[in-house]
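In the working numbering, the protein residues as written are -12 to 714.
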Amino acid sequence: MLLRSLCLTSALALTAGHAVADMNFNRIASFPVVKNMADGEDTKRETSPEIIAATADGMTLVYTDSPLGALGRIDITDPTNPKPLGNIALNGEPTSVGVVGDLALVGVNTSESYTAPSGVLQAINIADGTVVTSCDLGGQPDSVAIAPDHSFVSVAIENERDEDLGDGRTGQMPAGMLAMVDLQDGALDCETLSFVDMTGLAEVSPEDPEPEYVSINNLGETVVTLQENNHMVVVSKDGVILNHFSAGTVDLEGIDATDERGALIFTESQKGRLREPDAVTWIDDTHFATANEGDMDGGSRGWTIFSKDGTVVYENGTDFEKAIIQIGHYPDKRSDSKGVEPESVTFATFNGTPYVFVGAERASVVGVYDVTNPAAPVLKQLLPSGVGPEGYVAIPERNLLISANEKDLIEDNGARAHVMLFEYQDAPATYPHLTSEGADELIGWGAISGMVADKDGIVWAVNDSFYGFQPSIFKIDTNQTPAKIVDVIRVTRNGTPAQKLDLEGITLDGKGGFYVASEGRTERLIPHAIYHVAADGSIQNLKGEFGIPAELAAVEKRFGFEGVTKIGDTLWMAVQREWKDDPKNHVKLVSYDLNTKEWGAVHYPKAEPATGWVGLSEIVYHADWVYIVERDNQHDHRAVTKKIYRVPASEMVPAALGGPLPVVNKTLVRDLLPELTSTGGYVLDKVEGLAIMEDATAFFSTDNDGVDDHSGETIFVNIGNIEPAAN
């Protein structure tokens, strides 16, 4: 029997927390794990929190850091201000961790090769890092689970395959197994180590089981996922296999199964998709939940609740993914693979309510489900995580949920890996800031760039070149919380998507249409240009296209128009960074007179970057002032410049191109760093949208890069009246 909750029920629950005060999880802090490196260490090395656990008092976190070969520690005595406790170096790669008393039980992979796997289970004193006990596991450990009564430990010995051999298929020896070892007063008793043979069970490669994840219920029963084998096994505390069964398949409808086209089109299907579950957690002594990430042939983009007799009690199907699509976290470049990739799943009871927390690795989202009725879970929230959520630990006694986010983007100058802390509060949910939930059709969105305000609380926004086959103008209703995308206009030429655009700015034409600014990339044949877009999204060829003049083309560089605004009959575009003829730290504000067709410019003095670069990302005219967004390209604790300045409109008198340009004077209006950290997250680099209403109420937004090497988080914030108070 298969029972499934309706997507509508989940969608309504997402916004329920905004209507009335209710218990919700809200992020309160983020900890960049690079801070656990010792003085003098190379902080440019990759560091990655994966599996995470907490001490019994809930005051200290420990996590595995595979790239560093270390066990990290964090002091969360004050959960709003987590502090580094340093790393413990290990003799191998840590793969999982649990805590008993003052000991961390860590699975450590010491394998020399795929064909000669090895590893140990170590009991490590959390305070001083000493190894108290070490049990030879005879294979490569993956997941570690501790029985609720602390009587024994189960370890999934995966002995993973070499994905570069045999087309990456299973059937590579030696086979994996389940290891079990007793605990005596919290100490590992290596003499009791035993193994459970799992060969011959699965239909897929029965000779080569690859146990992936383990969880233990109050009866001492261990449930094991064999991810690559698409199989589940339930084992008694005595090591007897009680039941095993295929994880089965799911028919997926209304998905985007094609990537590399830069468009969100949810009209495809996949029949008989293998679940291939990764993480598993018991909900009670009868039911467990799986995160169906997929590996070789599968990945069903959702999660499932099974009874231990093999019955599917609940199948999420595409509901989780669709909810993620609505908040802008859908990873389009993973469409042909496994979509949002649910990888992790955790269970805990908070204030009497049982919750399952589902982590979507590629979407960087944590789904919070009320599983009071395991046959009909209700999606309560979607929480913004760091990049690549991998492991979770719940501390109900302190109303805390913690996520470990493994992706460290140091090589791409992106965000560092973080541990994030959420608190269960009697307060409205603070995320998402923007959603398309409730629209007449499923609207996927991301990479929000330029914005412009309209009447009645409406903001129009464009997406950038990440969606090169689907340039769009989104209609946002800011009268609701969260703000809602209620409609979308597709930008077209001759009835087809207008390609070769990188929409970075938008302004109203005063006649129901828009002018949009496109940032050029000459080497990709994308011109620096302005386009006149009708209310239906159409661009009239030639007449509606304004390319830059020869004087600008001769000095253009990659970083071009970032924003457009209209003053009278003149369009003004902010150029992001210096072009070839600009003085250092001066960029052009370029003008185009719609009547005379003349181009001109002034110079704007931007900040000297502390690290990386500083550029402009938006320009908005309002009440005799021109407002400019200035930002650096730095994330998290490294960010310095995320600011709004203003320039008197009276100084916006363009000079002819090719000669000296007047320099305008700027005044600081708002430092946006406090707003960017107000939801407990790290600072996002791309503040790219600013919209100012007639009454001077201002909104700013961030560009989430289409969720490509990005957490997917979009900040869309009302910062109130932007005009300075009268003296």
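Each residue gets a CB set at the ideal place from its N, CA and C atoms; glycine is no exception.
Under the 8 Å Cβ criterion, the region 653 to 660 does not count as touching the region 422 to 441, having fewer than three qualifying pairs. Taking Ala166 as the centre and dropping the five residues before and after it, the same chain places the C-beta of Leu124, Val142, Ile144, Phe182 closer than 6 Å to its C-beta, in chain order.
A distance below 8 Å between beta-carbons, with the five flanking residues on each side excluded, links Ile526 to the following residues of its chain, in chain order: Val478, Thr479, Arg480, Ala485, Tyr518, His519, Val520, Glu532. Taken in chain order, the complete beta strand (DSSP E) segments of 3 residues or longer contained in the region 528 to 568 are 532 to 534, 548 to 554, 557 to 562. In this structure, Thr102 keeps its C-beta atom at 7 Å or more from the C-beta atom of Gly79.
As DSSP reads the structure, Met167 sits in a beta bridge with Ser141, Ser181.
The C-alpha of Ala234 lies about 31 Å from the C-alpha of Val49. By the criterion of at least three beta-carbon pairs nearer than 8 Å, the region 487 to 507 is not in contact with the region 704 to 713. Here Lys593 is buried, its C-beta having at least 16 other C-beta atoms within 10 Å.
Linking Met160 to Val95 through their CA atoms gives a straight-line distance of about 20 Å.
The three-state secondary structure of Leu659, taken from DSSP, is coil.
Beyond the five residues adjoining it in sequence on each side, Glu33 comes within less than 7 Å, by CB distance, of Pro54, Asp395, Ile397 in the same chain, given in chain order. In this structure, the straight-line span from the alpha carbon of Lys442 to that of Asp464 is close to 10 Å. Look at Tyr101 here: in three-state DSSP terms it is coil, with no helix or strand label.
Nearest to Gly401 by C-alpha distance, out of Gly431, Ala426, Ile242, Gly373, is Gly373.
Exposed is the label assigned to Arg511, since fewer than 16 other Cβ atoms lie within 10 Å of its Cβ. Close CB contacts of Lys584 within its chain, under the 6 Å cut and outside five residues either way in sequence, are absent. Three or more Cβ pairs drawn from the region 683 to 700 and the region 305 to 323 lie within less than 8 Å of each other, which places the two stretches in contact.
For Phe461, the enclosing beta strand (DSSP E) covers residues 459 to 464. Residue pairing for Tyr342: DSSP places it in a beta bridge opposite Ala335, Asp357. Shortest Cα-Cα distance from Ile61 to any of Asp556, His405, Ser505, Gly482 involves His405. Secondary-structure assignment with DSSP links Arg477 through a beta bridge to Ser459. For Lys31, there is no enclosing alpha helix (DSSP H), as DSSP gives it neither H nor E. With contacts defined as CB atoms closer than 7 Å, Val627 and Asp619 qualify as a contacting pair. Where Ala310 is concerned, the enclosing alpha helix (DSSP H) starts and stops at 306 to 313. Counting other Cβ atoms within 10 Å of its Cβ, Thr268 reaches 16 or more and is therefore classed as buried.
The Cβ neighbour count for Thr117, taken over all protein chains shown within 10 Å, is under 16; the residue is labelled exposed. Annotation: Ser351 to Leu175 spans about 35 Å, alpha carbon to alpha carbon. Residue environment analysis places Pro81 among the buried positions, since at least 16 neighbouring C-beta atoms fall within 10 angstroms of its C-beta.
In the three-state DSSP reduction, Asp692 falls in the helix class (H, G or I). In the DSSP assignment, Arg618 falls within the beta strand (DSSP E) that extends over 612 to 619.
For Arg14, the enclosing beta strand (DSSP E) has its first and last residue at 10 to 19. For the options Thr305, Asn74, Ala685, the alpha carbon positioned closest to that of Glu280 is the one of Thr305. Taking the C-beta atoms as reference points, Asn205 is found no nearer than 7 Å to Asp151.
Residue pairing from DSSP places Pro592 in a beta bridge opposite His573. Residue environment: Ser423 is assigned as buried (16 or more neighbouring CB atoms within 10 Å of its CB, all protein chains considered).
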